[in-house]
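Numbering (this note's numbering), first residue to last: 35 to 289. Reading through the structure tokens given below for one structure.
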């Protein structure tokens with residue numbers, strides 16, 4: 035039986051995720067922007083938390099952990115490469131590692147770029163990848179520590195996952211990302227339609243996360259550095275993909 039996925043809005047524009055295995059009762063929490071909404075959702079569903087998986091060290095992804103640890107006896111997993119900046123870990127994992135969660139295999143991917151040591155968790159049985167601030171809905175994370183080449187390599191790895199994979203990213207930035215994307219890819223009919231749906235969803239207070247990888251490949255300009263129309267619009271027809279990506283990221287930084 036596939037694990038159940040729950041999206042939890044936190045803070046002003048963050049998301050945490052619960053992954054629940056119905057057979058064993060095990061429940062994993064991916065990132066902890068704040069504890070209160072997570073604890074409320076666990077209580078509402080009658081679930082006990084067994085695991086916490088951390089993607090990266092930024093406070094808006096870990097600051098709720100102390101209160102979670104008071105309420106639940108959990109195993110905390112995070113990146114070995116960033117162990118010095120993370121809360122105390124019970125399990126330190128590295129790129130290419132796999133571990134088991136209630137009989138479901140979890141693959142660890144290094145997706146450095148936003149930070150160095152940022153990881154994603156791919157759970158094929160849930161058809162989901164938890165990307166936090168690497169690949170985001172219609173965007174990607176700002177390059178606070180890594181290079182454009184690192185982020186492009188990370189995104190390129192994520193692009194090879196099955197197209198129906200749910201991209202569980204860490205923020206509700208999608209409406210702003212859509213406005214920017216239309217400046218880069220204005221004639222993309224899929225993007226135009228998606229932007230309209232995003233506006234409708236946000237007007238109703240409905241999250242736009244998760245999305246699917248297929249949708250990101252069709253509409254997310256940060257994944258479309260090889261697209262001839264985008265290259266032409268940027269005046270970079272013969273440039274390397276990394277350079278095209280870097281230009282898109284630079285334009286977003288000042289948008």
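Idealized CB from N, CA, C, for every residue including glycine.
Its chain contains 136, 137 as the residues whose beta carbon lies nearer than 8 Å to that of residue 58, once the 5 sequence neighbours on both sides are disregarded; these appear in chain order. With respect to residue 102, residue 66 sits close: the two C-beta atoms are nearer than 7 Å. Each of 92, 108, 87, 96 was checked against the Cα of residue 128, and the nearest Cα belongs to 87. The C-beta of residue 120 has 16 or more other C-beta atoms within 10 Å across all chains shown, which makes the residue buried.
Your pair residue 98 and residue 125 does not check out as a contact, with CB atoms roughly 19 Å apart and the cut at 8 Å.
Each residue's CA atom was taken as its position, placing residue 85 and residue 75 some 15 Å apart. Around residue 248, the same chain offers 197 as residues with beta carbons nearer than 6 Å, after the five sequence neighbours per side are excluded. Segment contact: the region 219–228 against the region 175–191, fewer than three CB-CB distances shorter than 8 Å; contact not assigned.
Assigned with DSSP and collapsed to three states, residue 139 falls in strand. For residue 267, there is no enclosing beta strand (DSSP E); the enclosing alpha helix (DSSP H) covers residues 262–268.
In this structure, 178 is the residue among 178, 237, 263 with its C-alpha nearest to the C-alpha of residue 287.
A residue is called buried when at least 16 other Cβ atoms come within 10 angstroms of its Cβ; residue 35 does not meet this threshold and is exposed.
About 6 Å separates the CB atoms of residue 169 and residue 189; that is less than 8 Å, so the two are in contact. For the pair residue 108 and residue 60, the Cα-to-Cα distance works out to about 10 Å. Listed in chain order, the alpha helix (DSSP H) runs fully inside the region 121–206 are 182–192, counting runs of at least 4 residues.
Taking each of 114, 45, 38 in turn and checking the Cα distance to residue 81, the smallest one comes out for 38. For residue 54, the enclosing beta strand (DSSP E) has its first and last residue at 48–54.
Between residue 144 and residue 204, the CB-CB gap reaches or exceeds 7 Å.
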